[in-house]
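In the working numbering, the protein residues as written are 630 to 904.
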C-alpha cells in the first residue's frame, strides 16, 4: 500500500447531526442508519488547540489536550509505514492520555498543563511504575509490526471490543460511504479511523455536560478535530474525563467517502446513568 504522511487541514467546522450507522456489531435500541448524512455548518467554531505536540521517532504525531474541568485527551496522526499506533500497543491498552504522554515523551520533557505527572503512591499506574520515556526504545525496535490498517483483527482488538473500563462499542470494516455516529454519556472514549483506499474527510465534535442535574447541563458544541485522511493514514483519539465528573456526547462524521474504503471504530462507557 502506497502511503504518505497525513497532510493536516484544519478547516471550517461542520456539525454532524443524525443517527448512527453500525456494521459488525449490534446497534443500540432506537438507532437508525445514517448513510450519506449531510453535516450542517457550525458557524464560528474552531478545532481545539493542543497544550502539547510530540513528534515521535517513528514519524507519528501526538497532540495532547487538557481542560481543567473536562479532562484530558490525546490525538495520534500516523501512517501504516510507521508501525503500530501508540493507542493500540498492548503496553498502553486503554491507557489514559497522561500515561501515554509519560510513556512516549523524552526524559525531562515538561508535563503539559493539566496533566498529572505522578499519581498517589497507592495508585497502580503506568505513571508510577515506569520512568518517563519508558516505551521509546521499544517503539523504535518494532517499526515493522503490522498496524490496524492492515488487519481487521488488530483494529477490532483496539477499538471494537469492550474490556473494562468501557461499556459499549460500535465498529465497521471496509466502509464505502458517508457515516455519522453519536456516542452519548461518555466519561471515557476511544476512537480509531484507518483509510484503506481513497481519501475521506473526518470530523469529531462533542458537547460537554457538567455532572449536576438529572443529566447535566449541556454546553455548546465544540470541535475536537477535522482532517482529510488518505489511504494508509490513520487517526486515533483517547479522551478521559477530569476529576470533577464532566462527561461528553461525541459525534463522529466521515464524509466525502463515496467509493473509498475505511475502518472506523469507537468504544465508550456510560456515565452518568441518565436518560
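All residues carry an ideal CB built from backbone N, CA and C; glycine is no exception.
Extent of the continuous alpha helix (DSSP H) run through residue i
{"i": "residue 731", "result": "726-733"}
Simplified DSSP assignment, three categories, for residue i
{"i": "residue 690", "result": "strand"}
{"i": "residue 719", "result": "helix"}
{"i": "residue 876", "result": "strand"}
{"i": "residue 697", "result": "coil"}
{"i": "residue 745", "result": "coil"}
{"i": "residue 900", "result": "coil"}
{"i": "residue 702", "result": "strand"}
{"i": "residue 676", "result": "strand"}
{"i": "residue 884", "result": "strand"}
{"i": "residue 645", "result": "Reliability of the predicted coordinates at residue 645 is poor, the pLDDT of 31 falling under 50, and the value obtained from them is presented with this limitation in mind. Coil at residue 645, not helix or strand."}
{"i": "residue 640", "result": "The predicted position of residue 640 is uncertain, since its pLDDT is 30 and thus under 50; no value can be drawn from it."}
{"i": "residue 737", "result": "coil"}
Chain C contact for residue i (CB, 7 Å cutoff)
{"i": "residue 688", "result": "Note that chain C does not occur in the displayed structure, where there is just one protein chain."}
Residue burial classification, residue i (beta-carbon count within 10 angstroms, cutoff 16)
{"i": "residue 767", "result": "exposed"}
{"i": "residue 888", "result": "exposed"}
{"i": "residue 841", "result": "exposed"}
{"i": "residue 694", "result": "buried"}
{"i": "residue 686", "result": "exposed"}
{"i": "residue 895", "result": "buried"}
{"i": "residue 788", "result": "buried"}
{"i": "residue 811", "result": "buried"}
{"i": "residue 713", "result": "buried"}
{"i": "residue 727", "result": "buried"}
{"i": "residue 722", "result": "exposed"}
{"i": "residue 867", "result": "buried"}
{"i": "residue 689", "result": "buried"}
{"i": "residue 803", "result": "exposed"}
{"i": "residue 851", "result": "buried"}
{"i": "residue 820", "result": "buried"}
{"i": "residue 741", "result": "buried"}
{"i": "residue 831", "result": "buried"}
{"i": "residue 678", "result": "exposed"}
Endpoints, the beta strand (DSSP E) within which residue i is located
{"i": "residue 683", "result": "681-684"}
{"i": "residue 710", "result": "No beta strand (DSSP E) holds residue 710; DSSP gives it neither H nor E."}
{"i": "residue 895", "result": "890-897"}
{"i": "residue 859", "result": "847-859"}
{"i": "residue 869", "result": "862-869"}
Cβ separation of residue i and residue j, assumed to be a contact under 8 Å, to the nearest whole Å
{"i": "residue 612", "j": "residue 725", "result": "Because the chain is modelled from 630 through 904, residue 612 falls outside the range shown and cannot be assessed."}
{"i": "residue 829", "j": "residue 885", "result": "6 Å"}
{"i": "residue 708", "j": "residue 862", "result": "6 Å"}
{"i": "residue 898", "j": "residue 847", "result": "Actually they are not in contact, since the Cβ atoms of residue 898 and residue 847 sit about 19 Å apart, beyond 8 Å."}
Entirely enclosed alpha helix (DSSP H) segments - the segment 752-840, minimum 4 residues
755-758, 765-769 and 781-788
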